[in-house]
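Asks:
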Ligand code: SF4
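Numbering (this note's numbering), first residue to last: 5 to 103.
1. Classify residue 63: buried if its beta carbon has 16 or more other beta carbons within 10 angstroms, exposed otherwise.
2. Would you identify the three-state DSSP class for residue 81, choosing helix, strand or coil?
3. Using the Cβ count rule (16 or more neighbours within 10 Å means buried), how would you classify residue 74?
4. Using the beta-carbon count (16 or more within 10 Å), is residue 71 buried or exposed?
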């Protein structure tokens, strides 16, 4: 498969090894993505809890780098929610363009 990716110019597949060390490993995925129909007050509480776990995570940088480099539209990744990741993505693009 990697040979095919090289031939057609697809980006390399990201490594997933960092997930083995993730603080969220085995946790309920709803903590990071939320249930359908979640209201804003509940979302804020849930995201705070997810982010508190992310702060302790030894692979937070890898997680955030992955989520920013891919179109991960939903959920808390690397301690940032969707809007925060979009903002961070724009900030990194501006910094890269200025360099
Ligand atoms: S930073 Fe947060 S979402 Fe990412 S692997 Fe760690 S605990 Fe999970």
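We treat Cβ as the ideally placed atom computed from N, Cα and C, and that holds for glycine. Quick caveat, the model's predicted, so the values are computed rather than measured.
Replies: So, to answer that:
1. Your numbering for residue 63 matches position 59 in the chain shown. Result: buried.
2. The residue given as residue 81 occupies position 77 in the chain shown. Strand, per DSSP.
3. Walking along the chain shown from the start, residue 74 turns up at place 70. Here residue 74 is exposed: its Cβ has fewer than 16 other Cβ atoms, across all protein chains shown, within 10 Å.
4. Here residue 71 refers to the residue found at position 67 when the chain shown is read from its first residue. Of the other Cβ atoms in all chains shown, 16 or more fall within 10 Å of the Cβ of residue 71; this residue is therefore buried.
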